[in-house]
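Numbering (the working numbering), first residue to last: 45 to 610.
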């Protein structure tokens, strides 16, 4: 057996390492012929283990009802006949679900739902046995969006070098400049950094990838505590003293959980964090979805058709409400507008100072839940009742329901303040800010607009009708609709939020993927275009399955650099 610095002949056969049913490393081979002997080598590392903890995005964790043990939420996979048939079944089933039924299934009360661990698994070329994948709970998170990147991290981070020589894809990767892959910080290539790159350290570490699913209905602060407990009591002890700290990789809302682990919970068993497609300061799309449901046909039928569905699920689910724009969204600039389409003028803008009081706790027509929609709160009548864990929210009387909702908004505000501009001091981020292809545009601002608002006083206007699908009527006369998406992004997270970590203390790299564009002769220069980052971006949910390999490069480069701290 050899190690990473040992010498071997050009004809040496390097055996791939796999895991047995107990999770121990092993290699298999056959005897060579006596007249044609072949030297065989198994790389022998230092014994140090670094678990990579993957935290998925909102709705990326499978949930179950803790009382019935039945699935409450199954993340939809769309990559084959049977997964598609399952998703079609989910689509048809969701089509007829009432708001009451949706709330009962996605019950926001503490202890009502938990993580469902027996979902679909794809170990790919990870080298992990089915038993080990189950032990690590890979079935708890969405297979199609997350298992491919987890497989690649498990495989590639454990095959970096042999005898000091980069292997496989690493031969080219170590030479490539991050700027060519979209890094605004223009970090040096791994080869240019030499020993400072962390490459030699990384090659001598055994990396083990674990997902960390969580209840995305509860506060991200609570999910942070749950994952810390999982790392301390399950992941690190699994390696019997060989693992001391972890690296965290996140997607979407999982980034808020990761930041909360440090900022709110003081987690320190950490070498660094890699955030992908994180809505760092929230997204106006969350406001729109409470007021009018989701946008795409499939999403509308599965997630929420209209405001009645959305309010039923989201009003008392603090984790979902924490995706609303925070105070520092777009440097505290207004993002909610009323526009006169005839004149093109914005006649009303919010927030002036505080989105929580001016928008989320308002009862006016522009509110997150205007008083005319109070009837949509708690259709299942469960908020005033107790779960089996004997935990309840406040009374289900209508005014108390609204007060309970306001209390949750206050908690959302506190959470946003706790993590505002706070990033672990060894953080890398990657995100899509596509500016050329409209299918990736999203709401950077949310505009209500009318053909004409002449004679309308927005401050005092009455909401006389609401179709719960992004169309309102004010004063029985003025018809308002939600404006089109026109800001660069990934279809969900706009540039103002996705790019917010760039340049913040602690953020060492910021990979901005997609294409720039010109508008009225002015370059929209949000992407760092380069040799390998010169094509259309990717959708929010596809952040870790980018066909161009940009997020794979950003993730692996970041992991190696963070290994220098190990």
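Using N, Cα and C, we set each Cβ at its ideal position, and we do this for glycine too.
Please list, in chain order, all residues of the same chain as residue 507 whose beta carbon is under 7 Å from its beta carbon, the five residues on each side excluded.
Within the chain shown, numbered from 1, the residue matching residue 507 stands at position 463. Excluding sequence neighbours, residue 507 sits near 409, 414, 416, 516 and 518.
Let me make sure I understand the geometry here. Which of 111, 249 and 463 has the alpha-carbon closest to that of residue 304?
Here the question's residue 304 lines up with position 260 in the chain shown. Answer by Cα proximity: 463.
Classify residue 556: buried if its beta carbon has 16 or more other beta carbons within 10 angstroms, exposed otherwise.
As a working note, residue 556 is residue 512 in the chain shown. So residue 556 counts as buried.
What residue does the alpha helix (DSSP H) around residue 630 start on, and which one ends it?
Since the displayed the chain opens at 45 and closes at 610, residue 630 lies outside it and no answer follows.
Since residue 490 is in the alpha helix (DSSP H), which residue starts that stretch and which ends it?
For the purposes of this step, residue 490 is taken as residue 446 along the chain shown, with counting starting at 1. From DSSP, residue 490 is part of no alpha helix (DSSP H) but of the beta strand (DSSP E) over 490-494.
Does the stretch 238-246 come into contact with the stretch 260-270, if we say contact requires no fewer than three beta-carbon pairs (one atom in each stretch) closer than 8 Å?
Verdict: no, contact absent.
Should residue 220 and residue 472 be called a contact, given that it needs their Cβ atoms to be closer than 9 Å?
Taking the first residue of the chain shown as position 1, residue 220 is located at position 176. Taking the first residue of the chain shown as position 1, residue 472 is located at position 428. Their beta carbons are not under 9 Å apart, which means residue 220 does not touch residue 472 by this criterion.
Figure out for me which residue from 554, 594, 358 and 547 has the closest Cα to the Cα of residue 150.
As a working mapping, residue 150 is identified with position 106 in the chain shown. If we check each option's Cα against that of residue 150, 358 comes out closest.
Going by the beta-carbon positions, is the gap between residue 394 and residue 381 smaller than 9 Å?
As a first step, residue 394 must be located in the chain shown, where it is residue number 350. As a first step, residue 381 must be located in the chain shown, where it is residue number 337. Yes.
Can you list, in chain order, the residues of its chain with a C-beta nearer than 6 Å to that of residue 349? Leave out the 5 residues immediately preceding and following it.
Here residue 349 refers to the residue found at position 305 of the chain shown. These residues qualify, in order along the chain: 337.
Of the residues 549, 551, 565 and 569, which one's Cα is nearest the Cα of residue 558?
Residue numbering aside, residue 558 sits at position 514 when the chain shown is read from its first letter. Ranking the options by Cα distance to residue 558, first place goes to 569.
Should residue 492 and residue 383 be called a contact, given that it needs their Cβ atoms to be closer than 9 Å?
Along the chain shown, one-based indexing puts residue 492 at 448. Along the chain shown, one-based indexing puts residue 383 at 339. In this structure, residue 383 lies closer than 9 Å to residue 492 by Cβ.
Please identify the residue among 591, 503 and 325 whose C-alpha is closest to the C-alpha of residue 539.
Position 495 of the chain shown, counting from 1, holds the residue named residue 539. That would be 325, whose Cα lies nearest to the Cα of residue 539.
Note down, in chain order, each residue of its chain lying with its Cβ closer than 6 Å to the Cβ of residue 101, except the 5 sequence neighbours on either side.
Working through the chain shown from its first residue, we reach residue 101 at position 57. Around residue 101: 295, 296, 297 and 298.
CB-CB under 6 Å to residue 301, same chain, minus the five flanking residues each way: which ones, in chain order?
Walking along the chain shown from the start, residue 301 turns up at place 257. Taken in chain order, the residues that qualify are 99, 264, 267 and 268.
Enumerated in chain order, which unbroken segments of the alpha helix (DSSP H) with a length of 4 residues or greater are wholly contained in the stretch 370-422?
Within the stretch 370-422, no complete alpha helix (DSSP H) run reaches 4 residues.
Who are residue 533's beta bridge partners in DSSP?
Taking the chain shown and counting its residues from 1, one reaches residue 533 at position 489. Answer is 478 and 538.
Measure the alpha-carbon distance for residue 588 versus residue 474 and round it to whole angstroms.
To locate residue 588, count along the chain shown from 1; it is residue 544. To locate residue 474, count along the chain shown from 1; it is residue 430. Whole-angstrom Cα-Cα distance: 10 Å.
Considering only residues of the stretch 158-187, which uninterrupted alpha helix (DSSP H) runs meet the minimum length of 4 residues and lie entirely inside it, listed in chain order?
Qualifying alpha helix (DSSP H) stretches, in chain order: 174-179.
Look up residue 517 in the DSSP assignment and say whether it is helix, strand or coil.
Here residue 517 corresponds to residue number 473 of the chain shown, with the count starting at 1. Three-state result, residue 517: strand.
DSSP on residue 43, reduced to helix/strand/coil?
The chain is shown only over 45 to 610; residue 43 falls outside these bounds and no answer can be derived.
Could you give the DSSP three-state label for residue 254: helix, strand or coil?
Sequence index remark: in the chain shown, residue 254 carries index 210 (1-based). Residue state, collapsed to three classes: strand.
Buried or exposed for residue 128, please, with buried defined as at least 16 other CB atoms from any protein chain shown within 10 angstroms of its CB.
Taking the chain shown and counting its residues from 1, the one referred to as residue 128 is at position 84. Because the pLDDT at residue 128 is just 43, under 50, the model does not fix this residue reliably, and the point stays unresolved.
To which residues does DSSP link residue 486 through a beta bridge?
Numbered from its first residue, the chain shown carries residue 486 at position 442. Paired residue(s): 531.
Roughly how far, in whole angstroms, is the beta-carbon of residue 452 from the beta-carbon of residue 400, given that I think they are within contact range, below 8 Å?
For the purposes of this step, residue 452 is taken as the residue at position 408 of the chain shown. For the purposes of this step, residue 400 is taken as the residue at position 356 of the chain shown. About 11 Å separates the two Cβ atoms, so there is no contact after all.
Give every residue of the same chain whose Cβ lies closer than 6 Å to the Cβ of residue 144, excluding the five residues on either side of it in the sequence, and list them in chain order.
In the chain shown, counting from the first residue as 1, residue 144 sits at position 100. Result list for residue 144: 423 and 424, in chain order.
Kindly list the residues whose CB is nearer than 8 Å to the CB of residue 435, restricted to its own chain and excluding five residues on each side of it in sequence; keep chain order.
What you label residue 435 is simply residue 391 of the chain shown in a count that begins at 1. Low per-residue confidence applies at residue 435: pLDDT is 48, beneath 50, and the placement is therefore not dependable, though the value from the model is reported in the following sentence. So the qualifying residues of the chain are 153, 154 and 155.
How far does the beta strand (DSSP E) with residue 509 in it extend, from its first residue to its last?
Walking along the chain shown from the start, residue 509 turns up at place 465. Its beta strand (DSSP E) spans residues 507-510.
Which term fits residue 533, buried or exposed, when burial requires 16 or more other beta carbons within 10 angstroms of its beta carbon?
The sequence position of residue 533 within the chain shown is 489, counting from 1. So residue 533 ends up on the buried side.
For a quick check, are the C-beta atoms of residue 580 and residue 466 less than 9 Å apart?
The residue given as residue 580 occupies position 536 in the chain shown. The residue given as residue 466 occupies position 422 in the chain shown. No, the Cβ-Cβ distance between residue 580 and residue 466 is not below 9 Å.
I'd like to confirm the pairing. Which residues does DSSP put opposite residue 310 in its beta bridges?
Along the chain shown, read from residue 1 onward, the residue named residue 310 stands at position 266. The partner list for residue 310 (beta bridge, DSSP) is empty, contrary to what the question assumes.
Measuring CA to CA, which of 229, 274, 282 and 201 is closest to residue 242?
Reading the chain shown from its first residue, position 198 is the one you call residue 242. That would be 201, whose Cα lies nearest to the Cα of residue 242.
Let me know if residue 489 comes out buried or exposed under the rule of 16 or more other beta-carbons within 10 Å of its beta-carbon.
Locating residue 489 in the chain shown gives position 445, counting from the first residue. Buried, by the Cβ-count rule.
Apply the 10 Å Cβ neighbour rule to residue 113 and answer buried if 16 or more other Cβ atoms are within range, or exposed otherwise.
The residue you call residue 113 lines up with position 69 of the chain shown. Residue 113 comes out exposed.
Within this structure, are the beta carbons of residue 116 and residue 109 separated by less than 9 Å?
For this step, residue 116 is matched to residue 72 along the chain shown. For this step, residue 109 is matched to residue 65 along the chain shown. The answer is yes: Cβ separation under 9 Å.
Under DSSP, the alpha helix (DSSP H) around residue 328 begins and ends at which residues?
Here residue 328 is taken as the residue at index 284 of the chain shown, counted from 1. Start and end: 328-336.
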